[in-house]
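Here UniProt numbering is used: the first residue of the sequence shown is 1, the next is one more, and so on.
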Amino acid sequence: MKFGLAIMNDFPQGTIAAERVGELREQVSVARECGIDSIWLLHHYLGSMPTLQPIPTLAALAQQAEGMGIGTNMFILPLHHPVQVAETFATLDHLSGGRAIAGFGMGYRENEFAAFGIPLDERVSRYTESVEIIRGLWSGEPVTYAGKHYSLDDARISLPPVQQGGPPIWVGAGMHKAGARRAAQLGDAWIVPPHASVAKLAELVQVERAERARLGRPLNGEVVVRRELVLDPDRERARERGLRARLGVTQQYAKYNAPDATAQYRHLQSEAAAAEVADEAYLFTDPATCVARLRELEEAGVTTVILRAQWYDLPHEDMLATLKLFADEVLPALGRR
1 MKFGLAIMND FPQGTIAAER VGELREQVSV ARECGIDSIW LLHHYLGSMP TLQPIPTLAA
61 LAQQAEGMGI GTNMFILPLH HPVQVAETFA TLDHLSGGRA IAGFGMGYRE NEFAAFGIPL
121 DERVSRYTES VEIIRGLWSG EPVTYAGKHY SLDDARISLP PVQQGGPPIW VGAGMHKAGA
181 RRAAQLGDAW IVPPHASVAK LAELVQVERA ERARLGRPLN GEVVVRRELV LDPDRERARE
241 RGLRARLGVT QQYAKYNAPD ATAQYRHLQS EAAAAEVADE AYLFTDPATC VARLRELEEA
301 GVTTVILRAQ WYDLPHEDML ATLKLFADEV LPALGRR
C-alpha cells in the first residue's frame with residue numbers, strides 16, 4: 001500500500017495565503033522524509049475560503065517534492081477546455097520531471113458551473129469527451145475529434161508530456177456503482193471520497209474490477225481512497241481534535257449545494273452526521289488503531305491512501321506531529337521504512 005498527503009490549500013477567512021506558503025513547503029519536505037509517496041491539492045473556485053489554485057501551487061512545491069508524485073485531488077475537469085487542461089498538465093509534468101498525476105473530478109457546486117456558463121447537467125458528457133481528447137493529445141499524435149461539446153481538426157499538442165502517453169488519469173467518482181464503472185472505463189485509478197466505509201468500498205471495488213474485466217482493460221488499475229488523519233497516543237484526544245478541525249471546514253463546504261443526500265454527502269447534513277461519518281471512516285485515533293484500519297482498507301482492495309492531516313484552523317505543528325507518529329509508528333507496522 002502506498003500513501004499520499006493532501007496538503008491544505010484552502011484556509012480560514014482572513015488568512016493571507018502568502019504567509020502560509022513556507023508552511024506548505026515544510027510539510028511537503030517532512031512528508032518526503034517520512035516516506036510519503038505523493039502530494040495532492042484540491043480545486044475550487046469562488047468559495048468562502050481563500051484557496052490557492054492547485055496547478056501553480058504544485059509547481060511551486062515540486063522542488064520540495066522531489067521524487068514524489070504530485071497530483072490534483074480533484075481538478076474540476078468539466079469547467080475547462082480539454083486543450084487547456086492537456087497543455088497545463090503537460091507543463092506540470094515537465095516542471096516536476098515526469099511526476100504529475102492528473103486527478104480529474106466532476107465537480108458539484110452550482111455557483112462554479114454558473115460562473116463558467118456551463119450547465120451542471122452537462123458535466124458527465126463534458127468529462128468523458130475531455131478525457132478522450134486529453135489522452136489523444138498526450139499521445140503526441142494529431143487529434144481529430146467531433147463531439148457534442150468539443151471538436152478538433154488535426155490538432156497536435158505543443159508540449160508532449162515527459163511521461164509516455166501523459167500523466168496517469170485518476171478518476172474521482174462517488175461511492176456508487178455508476179462512479180465505479182466510470183472510473184473503470186476512463187481512468188488509470190479510481191479516487192474514492194474520504195467518507196466511504198470499508199464495507200462499501202469492498203463492495204464497489206468488485207464493481208469496478210468487473211467493469212474493467214468486461215471492457216478488457218487491465219485489472220491492475222489503482223483503487224485510491226482519501227482518509228482524514230489525526231494521530232495521538234490518546235485515542236479520544238485525537239478524535240476530539242480531528243472532529244473540531246474537520247467540522248470547521250465541513251461547515252464551510254456545507255454552504256454550497258450537495259448534488260444528493262446519499263452517504264457521499266451525509267457529512268454535510270448536520271454536526272451529528274459529520275461525527276458519525278468521522279467515526280465510521282476517518283482516522284482520528286491512535287497509531288495502533290490506525291494500522292488496523294489501514295489493513296482493513298488494503299484487504300478491501302485499496303492500493304493507495306491519500307491522507308489529509310490538516311483542515312481549517314488545525315495548527316501546523318499538530319499536522320507535523322501527526323506526520324511524525326505516522327512515520328515512526330504506522331509505516332513500520334505496515335512493513336514500510
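All C-beta atoms, glycine included, are put in the ideal place defined by N, C-alpha and C.
Coil, strand or helix - residue i by DSSP
i: GLU66; result: coil
i: THR304; result: strand
i: ALA155; result: strand
i: LEU138; result: One detail in the question is off: residue 138 reads as Trp in this sequence, not Leu. If DSSP states are grouped into helix, strand and coil, TRP138 belongs with the helices.
i: LEU334; result: helix
i: residue 373; result: In the structure as shown, the chain begins at 1 and stops at 337. Residue 373 is therefore absent and cannot be evaluated.
i: GLY4; result: strand
i: ALA292; result: helix
i: ALA189; result: strand
i: LYS200; result: helix
i: ARG109; result: coil
i: residue 338; result: The requested residue 338 does not occur in the structure, where the chain is confined to residues 1 to 337.
i: ALA17; result: helix
i: LEU297; result: helix
i: HIS94; result: helix
i: GLN310; result: coil
i: ARG99; result: coil
i: GLN163; result: coil
i: GLY22; result: helix
i: HIS149; result: coil
i: HIS195; result: coil
i: ILE118; result: coil
i: GLU329; result: helix
Bridge-paired residues (DSSP) for residue i
i: PHE104; result: PHE75 and VAL171
i: VAL143; result: ALA155
i: ASP10; result: THR51
Assumed close pair residue i, residue j - CB separation to whole angstroms, cut-off 8 Å
i: LEU247; j: GLU271; result: 6 Å
i: GLU110; j: LEU120; result: 6 Å
i: LEU159; j: ALA90; result: 5 Å
i: ASP10; j: LEU42; result: 7 Å
i: LEU314; j: ALA245; result: 4 Å
i: GLY187; j: GLY221; result: 7 Å
i: GLY301; j: VAL223; result: 5 Å
i: ARG25; j: LEU61; result: 6 Å
i: LEU243; j: ALA275; result: 6 Å
i: GLN163; j: GLY105; result: With 8 Å as the limit, GLN163 and GLY105 do not qualify as a contact, their Cβ atoms being about 21 Å apart.
i: residue 354; j: ALA6; result: Not covered by the structure: residue 354. The range shown for the chain is 1 to 337.
i: ASP37; j: GLY71; result: In fact, because the Cβ distance is near 11 Å, the residues do not count as touching under 8 Å.
i: PRO167; j: ALA102; result: 5 Å
i: VAL249; j: TRP311; result: 4 Å
i: PRO82; j: ILE134; result: 5 Å
i: ILE191; j: MET1; result: At roughly 15 Å, the Cβ-Cβ gap does not stay under 8 Å, so ILE191 and MET1 are not in contact.
i: ARG239; j: VAL207; result: Between VAL207 and ARG239 the Cβ distance is about 31 Å, and since that is not below 8 Å, they are no contact.
i: residue 389; j: ALA333; result: The chain is shown from 1 up to 337; residue 389 falls before or after that span and cannot be answered.
i: LEU294; j: ALA309; result: That belief does not hold up - the Cβ atoms of LEU294 and ALA309 are roughly 14 Å apart, past 8 Å.
i: TYR150; j: GLU129; result: 5 Å
Exercise for review: Evaluate the contact criterion for the stretch 49 to 68 versus the stretch 19 to 37: three or more CB pairs, one atom per stretch, below 8 Å.
Suggested key: Short answer: they touch.
Check your understanding: What are the start and end residues of each continuous alpha helix (DSSP H) run of 4 or more residues lying completely inside the stretch 206 to 286, in chain order?
Key -> Counting only runs of 4 or more, we get 235 to 253 and 271 to 281.
Exercise for review: Any chance you could list the beta strand (DSSP E) runs of at least 3 consecutive residues sitting entirely within the stretch 37 to 82, in chain order?
Suggested key: The stretch 37 to 82 contains these whole beta strand (DSSP E) runs: 38 to 41 and 69 to 72.
Review point. Contact between the stretch 45 to 52 and the stretch 83 to 100: three or more CB pairs below 8 Å?
Key: Verdict: no, contact absent.
Check your understanding: Does the pairing of the stretch 197 to 207 with the stretch 158 to 173 give three or more beta-carbon distances under 8 Å?
Key -> Taking a contact to require three or more Cβ pairs closer than 8 Å, the stretch 197 to 207 and the stretch 158 to 173 do not qualify as touching.
**Study point:** Stretch-stretch touch, CB-based, cutoff 8 Å, three pairs: the stretch 225 to 236 with the stretch 271 to 285
**Key:** Flag = yes, the stretch 225 to 236 and the stretch 271 to 285 touch.
Check your understanding: Is there contact here, the stretch 321 to 332 with the stretch 211 to 220, by at least three beta-carbon pairs under 8 Å?
Key -> Judged by Cβ distances under 8 Å, the stretch 321 to 332 makes no contact with the stretch 211 to 220, as fewer than three pairs qualify.
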